[in-house]
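Engineer:
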Amino acid sequence: MRHLMSPLDFSVDELDDLLTLANDIEHYPEKYAHACDGKKLATCFYEPSTRTRLSFEAAMLNLGGSVLGFSSADSSSAAKGESVSDTIRVISCYADICAIRHPKEGAALVASLKSFIPVINAGDGGHQHPTQTLTDLLTIRSLKGRLSNLTIGLCGDLKFGRTAHSLIHALIRYANVKFVLISPEELRIPDYIREDVLIKNNVPFTELERLEDAIPSLDILYMTRVQKERFFNEEDYVRMKDFYILTKDKLKLAKEDMLILHPLPRVNEISVEIDDDPRAVYFKQAQYGVYVRMALILTLLKWR
Amino acid sequence: MLNISGINEGYVLDHIKAGRSMSIYKDLKLEQLDCPVAIIKNAKSSKMGKKDMIKVECPINALDLDILGFIDHNITVNIIQNDKIVEKKELHLPKQIINVIKCKNPRCITSIEQELDHIFILTDKEKEIYRCKYCEEQQKKKHRKS
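Note that the protein sequences, when read in sequence, are chains X and Y.
Note that the working numbering has the first sequence beginning at 4, numbered continuously upward.
Note that the working numbering has the second sequence beginning at 636, numbered continuously upward.
(1) Measuring straight from C-alpha to C-alpha, what distance separates CYS101 of chain X and LEU137 of chain X?
(2) For HIS168 of chain X, which of helix, strand or coil comes out of DSSP?
(3) Would you identify the three-state DSSP class for TYR225 of chain X, choosing helix, strand or coil?
(4) Report all residues from its chain with a CB closer than 8 angstroms to the CB of ILE702 of chain Y; omit the five preceding and five following residues, and keep chain order.
(5) Whole angstroms is fine: what's the gap from VAL275 of chain X's alpha carbon to LEU57 of chain X's?
(6) So what's LEU256 of chain X in DSSP terms, helix, strand or just coil?
(7) Would you list, in chain order, the members of the segment 91 to 123 of chain X that have their beta-carbon closer than 8 angstroms to a beta-carbon of chain Y?
(8) Quick one: Cα of PHE59 of chain X to Cα of PHE73 of chain X, how far?
(9) In its own chain, which residues sit with a C-beta less than 6 angstroms from the C-beta of GLN290 of chain X, not counting the 5 before and 5 after it?
(10) Within this structure, are the beta carbons of GLY645 of chain Y and VAL712 of chain Y separated by less than 8 angstroms?
(11) Please list, in chain order, the residues of the segment 43 to 55 of chain X that have any C-beta partner in chain Y closer than 9 angstroms.
(12) Mind checking the segment 727 to 745 of chain Y against chain X and listing, in chain order, the residues whose C-beta falls within less than 8 angstroms of any C-beta there?
(13) With C-beta atoms as the reference, is CYS767 of chain Y less than 8 angstroms away from ARG742 of chain Y?
(14) Between the alpha carbons of ALA653 of chain Y and GLU761 of chain Y, how many angstroms are there, rounded?
(15) Give the secondary structure of TYR97 of chain X by DSSP, where H, G and I count as helix, E and B as strand, and everything else as coil.
(16) Can you tell me whether TYR646 of chain Y is helix, strand or coil according to DSSP?
(17) For GLY128 of chain X, would you say it is in contact with chain Y, using Cβ-to-Cβ distances shorter than 8 angstroms as the test?
(18) Can you tell which of X:SER80, X:LEU256, X:ILE171 and X:LEU150 has the C-alpha that lies nearest to the C-alpha of ASP16 of chain X?
(19) Does any CB atom of chain Y fall closer than 8 angstroms to the CB of SER79 of chain X?
(20) Compare the C-alpha of ALA81 of chain X against each of X:TYR49, X:GLY68, X:LEU66 and X:CYS96 and name the closest.
(21) What is the rounded straight-line gap between the Cα of GLY148 of chain X and the Cα of LEU141 of chain X?
(22) At which residues does the beta strand (DSSP E) containing ASN677 of chain Y begin and terminate?
(23) With distance defined between alpha-carbon atoms, name the residue in Y:ILE715, Y:HIS708 and Y:PHE755 nearest to ASN696 of chain Y.
(24) Between X:ILE196, X:PRO281 and X:PRO10, which lies nearest to ILE123 of chain X when the distance is taken from Cα to Cα?
(25) According to DSSP, PHE755 of chain Y sits in a beta bridge with which residue or residues?
(26) Could you check whether the Cβ of HIS778 of chain Y sits closer than 8 angstroms to any Cβ belonging to chain X?
(27) Could you spell out the range, first to last residue, of the beta strand (DSSP E) harbouring ASN696 of chain Y?
(28) Beta-carbon separation of PRO207 of chain X and ALA257 of chain X under 8 angstroms?
(29) Considering only C-alpha positions, which residue in the set X:THR134, X:PHE182, X:ILE202 and X:ILE196 is nearest to GLN288 of chain X?
(30) What distance in whole Å lies between the Cβ atoms of ASN65 of chain X and MET3 of chain X, which are believed to be in contact at a cut-off of 8 angstroms?
(31) Count Cβ pairs between the segment 150 to 160 of chain X and the segment 110 to 123 of chain X that sit closer than 8 angstroms; are there 3 or more?
(32) Can you give me the C-alpha to C-alpha distance between MET4 of chain X and ASP279 of chain X, rounded to a whole angstrom?
(33) Within 8 angstroms of any Cβ in chain X, is that where the Cβ of TYR769 of chain Y sits?
(34) Please state whether DSSP places ALA2 of chain X in a helix, a strand or coil.
(35) Flag LEU751 of chain Y as yes if its beta-carbon sits less than 8 angstroms from any beta-carbon of chain X, otherwise no.
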């Protein structure tokens, strides 16, 4: 039995198969409409999430399966003090596969160690969010046709932004990938990513403070939200949240085939006037999120 | 001069940095052993000026000494059998450390989950970096589990 805790749990070949399956689902959804008949997905969400939870639920429903679960810690036995280990052992009796989101880092790993069914990490605090990374990879591969030979700009909260960290981890496995890291001094990429991941693997990268300076060289611009819940101090959040806003003027500097990705939800870091630009693919990205989760559920159930 | 008798079978941990013997006593869980243990503090040392020592009279497979490699790989471990030193054990960094240091990340699941072992994995042997198995936070030696 396999679980998904980090995007690196899958080899490049396994990832390639998964993304190919997701593309097949995209083009021939009817082939998969009953692939999970009689199967149940448990969505155990200990913190608020709209799109990730609904995306998982949509994925399972598209496959003909059904879903059960909870959407906040208050409505689960965690409110009574039950441990993650105990909860997952019980959920294992009710469902065939589980997606878990928890505010504490490593919670999904704890669940996977005690589970009798495949566990998918649907976000564990500021640590990992592998299905977002799979979504990002599928979006890039589908719309660019490749995951190698790319210059990728990551913009915004690179200190706490787990989606950016996971994407870097995943993309360094492909040839000739360069990163441009665009953030204020306070929200720069953590040392362990800079040193242990980028420098250690000889991955070229630059760190810039101005979005305008970075845009012209980029094939992909990955925007991130400054997440209020990752700050201990509200003053810091208010001071930094508007630092990096993508506007129509800034976009004029970009290549014609640059893609703009965003894990969503957007607050105001991408101006709505950009939404109709063909380079803005963040809503397509949300659709790819369903396809890749369908492929993931099928793959993990097959490996069980 | 303080005299402590020799041991027939067991360990002599020598060249412990002065003042560290009690924490090593705890890390090795020596309080759980039903056997003679001598702790010598601030002994004279030509090499270190002052040093601590620990003598443990016990079967030679009774202790998990891997953790010493993490605490201080300069400690000398003498293995005693039949009143003689039969081996000077070389210390290596253990691949994982369980329940010796505590994850300091307040966002880590170890901060709330009951009965969860605190496990750190050696991720970089050259830089001697350990990371929490759950949240991957790098350990700092001063955050010892109490």
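Cβ atoms here follow ideal geometry from the backbone N, Cα and C, with glycine treated the same way.
Keep in mind the model is a prediction, meaning the values are calculated, not measured.
Structural biologist: Taking the coordinates as given:
(1) Using only the alpha carbons, I get a separation of about 17 angstroms.
(2) The answer is helix: DSSP assigns HIS168 of chain X an H, G or I state.
(3) DSSP places TYR225 of chain X in the strand class (E or B) of the three-state scheme.
(4) These residues qualify, in order along the chain: ASP662, LEU663, PRO729, ILE732 and VAL735.
(5) Spanning the two alpha carbons is a distance of roughly 23 angstroms.
(6) Secondary structure at LEU256 of chain X: coil, using DSSP grouped into helix, strand and coil.
(7) Cβ contacts with chain Y: HIS105, PRO106, LYS107, GLU108, GLY109, ALA110, LEU112 and VAL113.
(8) Each residue's alpha carbon lies about 13 angstroms from the other.
(9) Contacts found: none.
(10) At the C-beta level, GLY645 of chain Y and VAL712 of chain Y stay beyond 8 angstroms of one another.
(11) Those residues of the segment 43 to 55 of chain X that come within reach of chain Y (Cβ to Cβ, closer than 9 angstroms) do not exist; the list is empty.
(12) Answer set for the segment 727 to 745 of chain Y: ASN740, ARG742, CYS743, ILE744 and THR745.
(13) Taking 8 angstroms as the Cβ cut-off, CYS767 of chain Y and ARG742 of chain Y do not qualify as a contacting pair.
(14) Rounded to the nearest whole angstrom, the C-alpha separation of ALA653 of chain Y and GLU761 of chain Y is 26 angstroms.
(15) Looking at TYR97 of chain X - three-state DSSP - the assignment turns out to be coil, as it is neither helix nor strand.
(16) Strand, per DSSP.
(17) Residue contact with chain Y for GLY128 of chain X: present (Cβ-Cβ distance below 8 angstroms to some residue of chain Y).
(18) The residue from X:SER80, X:LEU256, X:ILE171 and X:LEU150 with its alpha-carbon nearest to that of ASP16 of chain X is X:LEU150.
(19) No, because no Cβ of chain Y sits closer than 8 angstroms to the Cβ of SER79 of chain X.
(20) The option with the nearest alpha carbon to ALA81 of chain X is X:TYR49.
(21) The straight-line gap from Cα to Cα measures roughly 10 angstroms.
(22) Per DSSP, ASN677 of chain Y belongs to the beta strand (DSSP E) from 672 to 680.
(23) Nearest of Y:ILE715, Y:HIS708 and Y:PHE755 to ASN696 of chain Y, Cα basis: Y:ILE715.
(24) Of X:ILE196, X:PRO281 and X:PRO10, the smallest CA-CA separation from ILE123 of chain X is found for X:PRO10.
(25) DSSP links PHE755 of chain Y through a beta bridge to Y:ILE732 and Y:CYS767.
(26) At HIS778 of chain Y the pLDDT is 42, less than 50, meaning the model places this residue with poor confidence; the figure from the coordinates comes in the next sentence. With 8 angstroms as the cut-off, HIS778 of chain Y does not count as an interface residue toward chain X.
(27) Where ASN696 of chain Y is concerned, there is no enclosing beta strand (DSSP E), given that its DSSP letter is neither H nor E.
(28) PRO207 of chain X places its beta carbon 8 angstroms or farther from that of ALA257 of chain X.
(29) Closest by alpha carbon: X:THR134.
(30) In the structure as shown, chain X starts at 4 and stops at 307, and residue 3 of chain X therefore has no counterpart that could be examined.
(31) Contact between the segment 150 to 160 of chain X and the segment 110 to 123 of chain X is absent: fewer than three C-beta pairs spanning the two stretches fall below 8 angstroms.
(32) Spanning the alpha carbons of MET4 of chain X and ASP279 of chain X requires a straight line of approximately 43 angstroms.
(33) Answer yes: the Cβ-Cβ gap between TYR769 of chain Y and chain X drops below 8 angstroms somewhere.
(34) As shown, chain X starts at 4 and ends at 307. That puts residue 2 of chain X outside it, with no answer to give.
(35) So, interface residue.
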